[in-house]
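S.K.:
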Amino acid sequence: TSLPDQKWLPTHVQVTVLRGRGLRGKAGEKYSTCVAEKTTEPEWREECSFEMHNELVLTVMHRALIGLDVFLGQAVIPLDKLFHDSRCVKNE
176 TSLPDQKWLP THVQVTVLRG RGLRGKAGEK YSTCVAEKTT EPEWREECSF EMHNELVLTV
236 MHRALIGLDV FLGQAVIPLD KLFHDSRCVK NE
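Sequential numbering from 176 applies to the sequence shown in this note's numbering.
1. So what does DSSP say about A250, is it helix, strand or coil?
2. Taking the straight line between their C-alpha atoms, what separation do you get for K201 and L247?
3. With which residues is T234 paired in a DSSP beta bridge?
4. So, at 6 Å on beta carbons, what are the nonlocal neighbours of T234 in its own chain, with the 5 sequence-adjacent residues on each side left out?
5. So, at 7 Å on beta carbons, what are the nonlocal neighbours of A239 in its own chain, with the 5 sequence-adjacent residues on each side left out?
6. Relative to the C-alpha of K256, which candidate in C209, A211, I241 and N229 has its C-alpha closest?
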């Protein structure tokens, strides 16, 4: 195949954790943000980079002072759809 026909796919994904909204306070490669104390509207503005797989799993936990951390929610983002889409989305 000629060079214009080749399709290059990224091998890493960069994630920026900006903030959380309306969080309810109540537990592979991993990245943990620093703890945002006593707020339901935390802001982190932290960046991390991961080797790319089929999906990115984001998990939100409440850090407990005593006992186990509490699971608040999870989102699974299929990365293959992002790169097969011909559109670009601008984040503000």
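Cβ coordinates follow ideal geometry from the N, Cα and C atoms, glycine included.
M.R.: In short, the structure shows the following:
1. strand
2. Since pLDDT at K201 reaches only 39, below the 50 mark, its modelled position is unreliable, and no value is offered.
3. Q249
4. Q249
5. V245
6. N229
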